[in-house]
Every structure is written in structure tokens, then in C-alpha cells.
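Participant: Chains as they are written, first to last, in the UniProt record's numbering: chain E, 1 to 320; chain H, 1 to 320; chain L, 1 to 258; chain W, 1 to 258. Think of the CB as a built atom: it goes at the ideal place given N, C-alpha and C, for glycine as much as any other residue. Here it is: the structure, laid out below.
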Amino acid sequence: MHPDRTMTMRDAIAEFVTDGATVALEGFTHLIPTAAGHEIIRQGRRDLTLVRMTADIVTDQLIAGGCVRKLVSSFVGNSTAGSLGELRRRIETGQPEPLEFEEYSHYGMICRYLAGAQRLPFHPLRSYGGSDVPSVNPAIRKVTSPYPGPGGEPEQVYVVPPVNPDVTIVHAQRADRAGNTQIWGLTGIQAEAVYAARRAIVVVEEVVDDEVIRSDPNRTAIPAHAVDAVVECPRGAHPAFVQGYYDRDGDFYRSWSHISKDPERLQRWLDEWVRGTADHAEYLAKLGEQHWAGLAVGAAWSRPVNYGRRLRQAEKGMSR
Amino acid sequence: MHPDRTMTMRDAIAEFVTDGATVALEGFTHLIPTAAGHEIIRQGRRDLTLVRMTADIVTDQLIAGGCVRKLVSSFVGNSTAGSLGELRRRIETGQPEPLEFEEYSHYGMICRYLAGAQRLPFHPLRSYGGSDVPSVNPAIRKVTSPYPGPGGEPEQVYVVPPVNPDVTIVHAQRADRAGNTQIWGLTGIQAEAVYAARRAIVVVEEVVDDEVIRSDPNRTAIPAHAVDAVVECPRGAHPAFVQGYYDRDGDFYRSWSHISKDPERLQRWLDEWVRGTADHAEYLAKLGEQHWAGLAVGAAWSRPVNYGRRLRQAEKGMSR
Amino acid sequence: MNRESTVVTTSSELLAVVAARELADRSTVFAGIGLPTLAVALAQRTTAPGIEIVYESGVCGAHPSRLPETIADAVLITDSEAVLPMTALFGYVLQGGRIDVGLLGAAQIDRWGNLNSSVIGDWHAPKVRLPGSGGAMEVMANSREVFVVMRRHDPRSFVAELDFCTSPGPERALGDGIRPLGAGVTRVITDLGILARAGIGEPLRLVATHPGVTVEKVREATGWDLDVADELTTVEPPTAEELRLLRDEVDPDRVYLR
Amino acid sequence: MNRESTVVTTSSELLAVVAARELADRSTVFAGIGLPTLAVALAQRTTAPGIEIVYESGVCGAHPSRLPETIADAVLITDSEAVLPMTALFGYVLQGGRIDVGLLGAAQIDRWGNLNSSVIGDWHAPKVRLPGSGGAMEVMANSREVFVVMRRHDPRSFVAELDFCTSPGPERALGDGIRPLGAGVTRVITDLGILARAGIGEPLRLVATHPGVTVEKVREATGWDLDVADELTTVEPPTAEELRLLRDEVDPDRVYLR
Numbered sequence: 001m002h003p004d005r006t007m008t009m010r011d012a013i014a015e016f017v018t019d020g021a022t023v024a025l026e027g028f029t030h031l032i033p034t035a036a037g038h039e040i041i042r043q044g045r046r047d048l049t050l051v052r053m054t055a056d057i058v059t060d061q062l063i064a065g066g067c068v069r070k071l072v073s074s075f076v077g078n079s080t081a082g083s084l085g086e087l088r089r090r091i092e093t094g095q096p097e098p099l100e101f102e103e104y105s106h107y108g109m110i111c112r113y114l115a116g117a118q119r120l121p122f123h124p125l126r127s128y129g130g131s132d133v134p135s136v137n138p139a140i141r142k143v144t145s146p147y148p149g150p151g152g153e154p155e156q157v158y159v160v161p162p163v164n165p166d167v168t169i170v171h172a173q174r175a176d177r178a179g180n181t182q183i184w185g186l187t188g189i190q191a192e193a194v195y196a197a198r199r200a201i202v203v204v205e206e207v208v209d210d211e212v213i214r215s216d217p218n219r220t221a222i223p224a225h226a227v228d229a230v231v232e233c234p235r236g237a238h239p240a241f242v243q244g245y246y247d248r249d250g251d252f253y254r255s256w257s258h259i260s261k262d263p264e265r266l267q268r269w270l271d272e273w274v275r276g277t278a279d280h281a282e283y284l285a286k287l288g289e290q291h292w293a294g295l296a297v298g299a300a301w302s303r304p305v306n307y308g309r310r311l312r313q314a315e316k317g318m319s320r
Numbered sequence: 001m002h003p004d005r006t007m008t009m010r011d012a013i014a015e016f017v018t019d020g021a022t023v024a025l026e027g028f029t030h031l032i033p034t035a036a037g038h039e040i041i042r043q044g045r046r047d048l049t050l051v052r053m054t055a056d057i058v059t060d061q062l063i064a065g066g067c068v069r070k071l072v073s074s075f076v077g078n079s080t081a082g083s084l085g086e087l088r089r090r091i092e093t094g095q096p097e098p099l100e101f102e103e104y105s106h107y108g109m110i111c112r113y114l115a116g117a118q119r120l121p122f123h124p125l126r127s128y129g130g131s132d133v134p135s136v137n138p139a140i141r142k143v144t145s146p147y148p149g150p151g152g153e154p155e156q157v158y159v160v161p162p163v164n165p166d167v168t169i170v171h172a173q174r175a176d177r178a179g180n181t182q183i184w185g186l187t188g189i190q191a192e193a194v195y196a197a198r199r200a201i202v203v204v205e206e207v208v209d210d211e212v213i214r215s216d217p218n219r220t221a222i223p224a225h226a227v228d229a230v231v232e233c234p235r236g237a238h239p240a241f242v243q244g245y246y247d248r249d250g251d252f253y254r255s256w257s258h259i260s261k262d263p264e265r266l267q268r269w270l271d272e273w274v275r276g277t278a279d280h281a282e283y284l285a286k287l288g289e290q291h292w293a294g295l296a297v298g299a300a301w302s303r304p305v306n307y308g309r310r311l312r313q314a315e316k317g318m319s320r
Numbered sequence: 001m002n003r004e005s006t007v008v009t010t011s012s013e014l015l016a017v018v019a020a021r022e023l024a025d026r027s028t029v030f031a032g033i034g035l036p037t038l039a040v041a042l043a044q045r046t047t048a049p050g051i052e053i054v055y056e057s058g059v060c061g062a063h064p065s066r067l068p069e070t071i072a073d074a075v076l077i078t079d080s081e082a083v084l085p086m087t088a089l090f091g092y093v094l095q096g097g098r099i100d101v102g103l104l105g106a107a108q109i110d111r112w113g114n115l116n117s118s119v120i121g122d123w124h125a126p127k128v129r130l131p132g133s134g135g136a137m138e139v140m141a142n143s144r145e146v147f148v149v150m151r152r153h154d155p156r157s158f159v160a161e162l163d164f165c166t167s168p169g170p171e172r173a174l175g176d177g178i179r180p181l182g183a184g185v186t187r188v189i190t191d192l193g194i195l196a197r198a199g200i201g202e203p204l205r206l207v208a209t210h211p212g213v214t215v216e217k218v219r220e221a222t223g224w225d226l227d228v229a230d231e232l233t234t235v236e237p238p239t240a241e242e243l244r245l246l247r248d249e250v251d252p253d254r255v256y257l258r
Numbered sequence: 001m002n003r004e005s006t007v008v009t010t011s012s013e014l015l016a017v018v019a020a021r022e023l024a025d026r027s028t029v030f031a032g033i034g035l036p037t038l039a040v041a042l043a044q045r046t047t048a049p050g051i052e053i054v055y056e057s058g059v060c061g062a063h064p065s066r067l068p069e070t071i072a073d074a075v076l077i078t079d080s081e082a083v084l085p086m087t088a089l090f091g092y093v094l095q096g097g098r099i100d101v102g103l104l105g106a107a108q109i110d111r112w113g114n115l116n117s118s119v120i121g122d123w124h125a126p127k128v129r130l131p132g133s134g135g136a137m138e139v140m141a142n143s144r145e146v147f148v149v150m151r152r153h154d155p156r157s158f159v160a161e162l163d164f165c166t167s168p169g170p171e172r173a174l175g176d177g178i179r180p181l182g183a184g185v186t187r188v189i190t191d192l193g194i195l196a197r198a199g200i201g202e203p204l205r206l207v208a209t210h211p212g213v214t215v216e217k218v219r220e221a222t223g224w225d226l227d228v229a230d231e232l233t234t235v236e237p238p239t240a241e242e243l244r245l246l247r248d249e250v251d252p253d254r255v256y257l258r
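If you want it as C-alpha cells, here you go:
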């Protein structure tokens, strides 16, 4: 009865990410779909509109990989570890080719996903008043509220339009084969980004049995009906972290500022680590098992909660 | 360091629910704050504006208790078990006194809480087009989107205004003394109703140690900074159910249609079970321990998840 | 239990069987408790094996150990695949357009499938105050199509003019300047037969009657001048297998079957 | 470790100590990583025992086993009191008005506390592309007040005209016809001293200098004609106890202290 939506990364990207598509990659420091980004580079996708709140290393790699025509984002930086070399070159010098950039604030992006997920024509928010961002982004507009403000005066508020990506790709700890996806730790904007999209690919550390998911249905951040492909890809978020699975590779973040500063070095890095590997398993083999010892995490288990079970009449006396 | 916000039900209601206040009680079939409603009746509050999506038994009781001047709701019925006698009398006959009623749909109410929680002047939604509800509720208005519709034409959409209750009261499984509140099973609109309110009372089955909450921070639906009072009141949702703690008292739901049909019988019921009991402990004692055997539930434990712990350098080699 | 009584079919059984057949090949259904529960459970075993029921309470992929008594019954939650907060259920799933078929009931329906579940009489001083919209207005506005199940087909429920329109179909939305997102009511399943309409701008027409029910009887039971489809058919009575599934597997304790 | 070196105070220590003092009696702070982490951790031990830090990543009530390296560090999540989805963090907590003080940095600030974190030069062809708003615009618009910490007080950062206004204060919002919800920047803490303003309509004024810093030096380091408060004071140097707490308890591994 349950559909089986598991696919290989190669097939999922080939089927759902097409040239010219609008692709959202979400994950805020945690659960970044890096392996999916690398596969997009391997398959040589072009002219993508990339939607991503925090444009970071995987964004820089996709731009350097020649995949991205336009970026929609609210933060373009390598976390606290430095700069994104390729992104800055494209924006500051237009070399080797210009990058279209549509700039928002974080909540502006969140409200775009909210409007997209809810099929709303717009979403209001209390930001942008007096900012120069609307002057360089005509998609950010104003609406007059039909209710008076606190002093009885007409009240204006900024709004943003919905975003409806052709496909959203997120990374998560685990899912069942149908696509019921569980996330813990930072859950970010993943559910909204998936619901806003026409198609959704969920990349997971583990595909698990139905019973695992069903023992804790509140943990399901994305229900199966919103998912088109489930890709099992352990360690697919590296260099980002996955709560309870592995830690952030801080050294890699710091090294990216150097790698990306020199365009030739950056292309050599892509040739060696992305285009030169057949898939994420080869990328991992190249990193080496020893590398993961440094990123290992210990145990901090949640305490179980009781969901309860309805007792048959005969059991009821005995339960107390 | 951590504030202790625990209070008795009597003190919490006395301090935060005042005559004439706008009071939201939320909980959708699950986790209904019945005991808090009873305490409001015991303390004889008057002229309340009661905000509640699904106006059900506790609403009928509050109206019959003389506490409510105005009801804001999207569903007025005793679940699948029949009618709310007092509410129907007030609306159909205006006897013993009329009840103001502001009617919405469920999503209209949800969007009012969303706007309230987000300090938005309004929230758009795709309902109400062609409905007679806006003709009897002038708070529901229209806005023209600043973005063209799919055919390039101007697009209109209905909006609702924020609701900001003076106090929101919810029931939950557990909280720590500061107010970090965990809910599982149906989580409903509780978080939004709390964030929309100036003050919030959380009634819980159990006040638990900090470590219990902190072992699973994703389970915290309402963080402590949004809570003003934590009231420990076991079985305080009866006749509603609490996932994992006790089941719904279906017999009571069915009996309410009969009790509430006759205004004198209803007042006798209130005299006996609410005004005639000092607090919820007395109400429970009156029901009797045996009553709870019929509502007992069995065990269905969630499987724990690993939140992970950062290892010291020396531990890292050993962990693999 | 009465395994062989396939001759006598109750009204609940009939409606559940017909509704299950109409759900063929649909993926997601938004439904309440009672008849809809029976219809979807039967569809899962017959016409639509992959169908998923989404409950207004936020439960997706329920695997209840017993037949649920309310849309929020604890048995729907335990062992389910996902429990969504209301903002996600109403905002992302329903308004987001993820529902193929919404199942609704109502006190009154008109020829366009507009529904009243608020009041009988004047809203300001009603003869009967009904529960109101709940999520019905949202189910109507956002589902791809809506099926209505009416236990009793009579002129008090099938009216020329609603006392109050709670949940409007797309024609009324358009008249109000609002772009509709779904087709509105496409099927009405009653104890007399099936009314249907192809989409926006079409009134409900009688497309099938139950065995032994005449067109005249249906037209008399309808408060407006009911159109009859050229290709009027007779509803195939419940098969023995459909009844067996309903009685033995879906509702052996007769929670909803009457 | 150098327990006795209270004589030499580093710039990080100085800024963290001053910021911690300014946080006295506040309840909720929205903050990033680095200096703000140090300042809040010190405030918890001195001026504001009940203060709660809310991180942009959604973490409330963190109890990290180590000093976090990013606002989303795994050590912030494990053992925390709540982890909120972004819709709740930005919508209910920040825009909902639950934050007393937002702590921000910026590449440029002007006399009204408007901030630029987007570009140096023209936005369309910038000399330097900076990260952009992130949540800074929302912190500015929604916090009751905002403190800005600037490691280097110089005319390139303290400018008469911003190259681009990313995060506007309330005066600019009003000029754009938008009702502001907070007071904007009320404190700017720098390596030379403290600027402050009482609220909407007031420019930043120099209210205190660090020991040995002259008013002239601060005015020269500021790109606009800086007003000086009548009641100008000298910042009390970090006490031995403040430095001990920072060095031995808050950041013994010298993650942020330099």
C-alpha cells in the first residue's frame, strides 16, 4: 500500500533537477544538502535559479560549477569562517560571468516560503521599512492594511511574494521509504521549503523501518505526501553537521576561504573532489574513514514519551 | 537563575483572568483546559470575551456560569456527541441573556492567532470568497495583492485581524518550573495562542525536572519566555483526553447534551460539580478513583533519538 | 454477527460503498469521522489502495488499533506517520493544495453545491444554531474537488436558497471577486442516488439512482428543479465482498455501521 | 593560563565587560556568536542573572558543554530548553516582540544607528560584497532596543552616509511610512567608548570614553560631527572579578578572548 519513493542520488537529481529550474536547497548550518549539490555539479546542470537563505560553501561550489544563473538569498557568507570567493568574484567583478542576485532578509525569505507553502499571493512582515533593500529588489512591495493602526491612522506594511521552487532539496536524519521524514536539532525552514515546492527530494542519513517513524509521529517534520524522492546518503551533509550523527568540519569551513579565493585552485578542487568522484561514496572514500573519527559525537539520548494505547475492556481493571 | 513560575490554579486565575478580559482557551479535542475553566466559574468572573476555535463543553459551562459576554469561535458543538444546550439557548432565544457571537472558520481563527503572535496588522487567507460569514462579521475584510494574479489581473484576497488575548490558557503534558512546556500527540494551535497573548497560563499534568525537558528540546512547544504561570493539575483536561495519560470520557460527552438541554439541570450540575467543589482535586475526588480505571491507557513509548555530545579530543579515537 | 445478510443493506453501508467507489485512484482525502471513515477504509481495500486520509486534527497516515470515535481520537495518533500542528495542516496541506478530495456534510446544499452548516433561519436570530464552518469552508475552498455525503435526501436539505452560505463553491467566490482554487462539489452521494457536476458553472445533475428509486422521487425530494443527466444509470448494489469488508474488517464492532 | 594578568586588558575583554554591564536587568537577548556570547555569559554571572539568550538558529535556554563556534553549533542544541522552527523564532519570538535587546554588528553605522552589512560601494557593482542582512534587519525592526558592538571605532565604519542601508532604525522606517516597533540602536560599544541615544529622533551621542581616550580622539574617529553628552563619564575599567569570570569560567580555552 505504502509507496516506495527511495531512489539513488543520481536518479533523483536527473529526474527532478532540470536545466533552468528553480531549486531550493535549505538547511541552516545544520543538515545542509551538500551531497545533492555535488551531484548537481556532476550532472552539469545549467541556468538554475538557486534559492537558499544562507548561501554558503555548497552555494559557492554550485556557482563555481557553472550551474547557477541567479541566486535568491538573505545571507551570503562562509558562516563565521570567512568569504565565499566565487560568489564575491561574480558579484564584485562579474567575472567569469555575472550572477543575478535577488536580496532579502532572513524573515523575508521565510515569508516567501510561507506564502509559497500556503498558496498565498503575498505574505506581510514588519521588516524593510526604511531599508535600501526594496530599492534594489522590486519584488518587495507595500500593502495598506484594511484595519486602522493603533492611533486610528491607515497602516502600511511590506509584503513579499510567494516562492514556489520547481524542486526543494533538504537533508534529514531519517525517513521511511514513503518519505515520512524526521528531523531533530535545528529544524529550520525545511518543512515550509518542501511544501512550497512542486517536487521535493529528501536526502537522509538513514532509511528506517516504518515502526521507527511511527513510534514518534510528532517527530515527523515532513509527511510522505509532500515527498517525491527519498535518497539514502550517509554523511551527505559534510562539511555541515547532523545532530546526533556527526559534527561540523570546522577545518573545512576555514579552508574554503583559501580554496575559493583563487579561481584556478577552486576549479582544481571541484575537479578532484566533485567532478572527479563518481558519487558521494567516492567522495567519502577520498576523505578517508580516519577523517570521521574527528567528527564523531557521543551519546545524549532523548527520554521516551508515552503515546498511550487504548486498552480493551478486560485490560482496564488491571492497568491500575 | 531559572525563574520559578509555578502557581496554584486559584492564584493563577485570580491574578491573570480579570473581569472583562479577553481570554483564549485552546486545545482541539485533546488537552482542553477544563479545570482552568471551572476555576474561572468558581471565582465568578464576568463579561469575558472567550476566544476558542472549538467551543465545546467547557465553553457551554463558562457561558452557563455567567462568565461570558462574547464568544469568538469557528465551531460551536459538542464534538460528535450532540449539542451545547446553553450556547444554543443564548443564541437562539437570547435567554437568559443574549450572547455576542463573532463567527469565523477554523483557518480564520488560526490566521488571527498567527497575526497576533507575529504582531501583524492582518493575515491573508484563501477562505471566505462568496461566503455569508463576512456579511455577519465585519472584521473579515479584503486586500488587493500588489502582485498580479495568474492571468495578470489584480488579485483580491480576504484577511483577518490579529487577536491578542489578555491571557491564553492551555493544558499540556508537562513543563519545568520555568514554563518550558512539552506537548505530544495533537499540538494544535497552542503555541500560536500563547505567543499571541499578553499573558499565558500553562496547566500541566506534571511539573518535571529540568533534565526531562532538556533531554528533548524539540519537544518543547512553548518556551519558558512566553509563559507567566505553570499550574500542576493532574487530570485537568477531563472529560477531554491527554495523549499517553488518560483517554477521552465519551460517556460524559454524551451526557452533556442531556445535562445542558435543561437550564435548571445544568445549573444544578454546576452547583454540584464546579461551584460546590473547592478545587479540581475535590472534583476528582467526587468522580472517584474507580472512574479513572475506565479511562486508563496502556504503553506505547517513543523510541529515543540521539542529540549527540561533543567529544573531547581524547575520546575521539575511541568512539569508532 | 450476521455474515450472510447481504440482502438487507443499511443506509450507512450503501453510502459508504458508493463513496468508496467514487474515491477510485485518488491519493489524498480530507475527511471527518463516521461515514467518511468507513468509505476511506473500504476504498483502501478496494478502489484506491494508496489513498491517504488526512484528518482535520493534523493526523496523517493513521494506523488506528480501533475505529476512531472523533477526528482527534487518541487511537489515530498512536502509531501514525505524522501529526502536524494546525498551522501546517490548514496552511500547507489544505490551503497548500495537497488534498485531492474533501469529504463534507451539511445541513443544507443548493444546486451549485454551496453549503450551509451555520444556522437554520436568520443568522442574527436563528431557529437552530448549528456548529458552523469548522474547517468546512477551507475544505471547500482548497480541495481539488469535494464530495458531499447526505444521509437524508429531502427538500429541507436540498434547497433552492440556503438560509446562510457557510462554505461557498467557486461560482460564489468568483462573484465575490475571489479566484477559486478548487472545483467545489463534484459529487453528492445520498440515500436516493448520486448528483454530480463537471465543474465551475455547472449545476448538480442527477446521474444515478439507487435500485428501485425513481427519478420522480428524487426530483420531489429536491428543493430545486433538478436536472437529470442524459446518461442516467442505476447504482450497482453493494457486492457481497464490499459488505464483507465493511462488516468484518472495517467496522466489526458496529461503531458507525447501522 | 595567566590568572594574574588583570593589568593588561584585551579589546575583547573590554568590550565584553562593557556590554555585560549594559545588559543589566534585561530578560531576553537576541545575539550572535563571539563577543555577544562572552558578554551574555558574563552578564549571567554578574548584572543579569535571569537573562536568556535566544539564538537566530532557534535555540532558547542553551546550556552548552563548550563555548559554541557558530549560532547553530550542535553543543547549543543538546541539553537546551527549546529548539524552535524558524517560523516561530522569527515570527513569534522576534517579530512578536519578545526580545528586550538585540545585539548586532555592522560594517557601517551612521548617527541614527542605521546599519549597513550588505555592500561597500554601489550595490549593483560593489567594491566589497558583504554577507547582507541575515536576520539583522528583523533584529533592528523588532527588538525593544539594539546594542551595537564595534571592535574598531574609525571613520570607515562610523560614517556620515551609509553606502547602503541594510537595517534601518525607526526614523528611516517612519520616513518610509512604516510604523516602527522598537527604539532602534540605543547603545554603541566600541574600543574607544560608548555612544548612546535615548530613542526615536535622537542622534547617537558620546556618553563615555575608556580611560585614556580623549573626546577629540573619538570625534576624529567618527565620520560625522559627533555630539558629546553633558554628563560624559569615563568607563570603569574591568574589575579583577569580571576578568576572572571571563578568563576562568566563560572562556578558559580562549575561543573568543584575544
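Considering only the alpha carbon of each residue, which of E:V231, E:E232 and E:Q290 lies closest to K316 of chain H?
Facilitator: E:Q290
Participant: I'd like the list of long-range same chain contacts for P3 of chain H, defined as Cβ closer than 6 Å, with 5 residues on each side in sequence excluded.
Facilitator: A178
Participant: Check each candidate in H:Y113, H:V203, H:W184 and H:S302 and name the one with the smallest Cα separation from V159 of chain H.
Facilitator: H:Y113
Participant: Please report the Cβ distance between A226 of chain H and R144 of chain W, rounded to the nearest whole angstrom; I am assuming they are in contact, meaning their Cβ atoms lie under 8 Å.
Facilitator: No, A226 of chain H and R144 of chain W are not in contact; Cβ-Cβ is about 16 Å, not under 8 Å.
Participant: Measuring straight from C-alpha to C-alpha, what distance separates K286 of chain H and L295 of chain H?
Facilitator: 16 Å
Participant: Name the chain E residues that come within less than 7 Å of T78 of chain L, Cβ to Cβ?
Facilitator: Y307, G308 and R309
Participant: Does the distance from the CB of V75 of chain L to the CB of P68 of chain L come in under 7 Å?
Facilitator: yes
Participant: S5 of chain L to V207 of chain H, Cα distance in whole Å?
Facilitator: Below a pLDDT of 50, predicted positions are generally treated as unreliable, and S5 of chain L, at 41, falls in that range; no measurement from the model is reported.
Participant: Considering only residues of the same chain and omitting the five flanking positions on each side of R259 of chain E, which have a CB-CB separation below 7 Å?
Facilitator: It should be noted that the sequence gives Ile, not Arg, for residue 259 of chain E. Contacts found: R265, L266 and W269.
Participant: Looking at chain H, is there any beta carbon in it that lies within less than 7 Å of the beta carbon of N78 of chain E?
Facilitator: no
Participant: Examine the Cβ distances between the stretch 99-112 of chain E and the stretch 87-103 of chain H and report whether three or more of them are shorter than 8 Å.
Facilitator: The stretch 99-112 of chain E vs the stretch 87-103 of chain H: no contact.
Participant: From this set, W:L42, W:I53 and W:V235, which residue's C-alpha is nearest S27 of chain W's C-alpha?
Facilitator: W:I53
Participant: Between G130 of chain H and D176 of chain L, what straight-line distance do the alpha-carbon atoms span, to the nearest angstrom?
Facilitator: 5 Å
Participant: Pop quiz: N218 of chain E and G244 of chain H are said to be a contact at Cβ under 8 Å. What is the actual Cβ separation, rounded to whole angstroms?
Facilitator: In fact, because the Cβ distance is near 11 Å, the residues do not count as touching under 8 Å.
Participant: Please list the terminal residues of the continuous alpha helix (DSSP H) segment that includes E171 of chain L.
Facilitator: P170 to G175
Participant: Just curious, the beta strand (DSSP E) that P146 of chain H is in, first and last residue?
Facilitator: R141 to P148
Participant: Taking a cut of 8 Å between CB atoms, which residues from the stretch 113-144 of chain H lie near chain L?
Facilitator: L114, L125, R126, S127, Y128, G129, G130, S131, D132, V133, V136 and K142
Participant: Starting from residue 262 of chain W, find everything on chain E with Cβ-Cβ shorter than 7 Å and list it in chain order.
Facilitator: This structure does not reach residue 262 of chain W, given that chain W is present from 1 up to 258, and the question cannot be answered.
Participant: Using alpha carbons as the reference points, say which of W:R152, W:V139 and W:L181 lies closest to E155 of chain E.
Facilitator: W:L181
Participant: Quick one: is E231 of chain L buried, meaning 16 or more other Cβ sit within 10 Å of its Cβ, or exposed?
Facilitator: exposed
Participant: At 8 Å on the CB atoms, spell out the chain E contacts of P304 of chain H, in chain order.
Facilitator: W301, S302, R303 and P304
Participant: L94 of chain L to G201 of chain L, Cα distance in whole Å?
Facilitator: Approximately 23 Å, taken between the alpha carbons.
Participant: Could you tell me which of E:A200, E:L186, E:E282 and E:W273 sits nearest to V83 of chain W, measuring between CA atoms?
Facilitator: E:L186
Participant: Rounded to whole angstroms, how far is the Cβ of V17 of chain H from the Cβ of I40 of chain H, which I believe are closer than 8 Å?
Facilitator: 6 Å
Participant: So does E216 of chain W have its beta carbon nearer than 6 Å to some heavy atom of the ligand ADP?
Facilitator: Judged by which ligands are present, the structure shown has none, so any question about the ligand ADP falls away.
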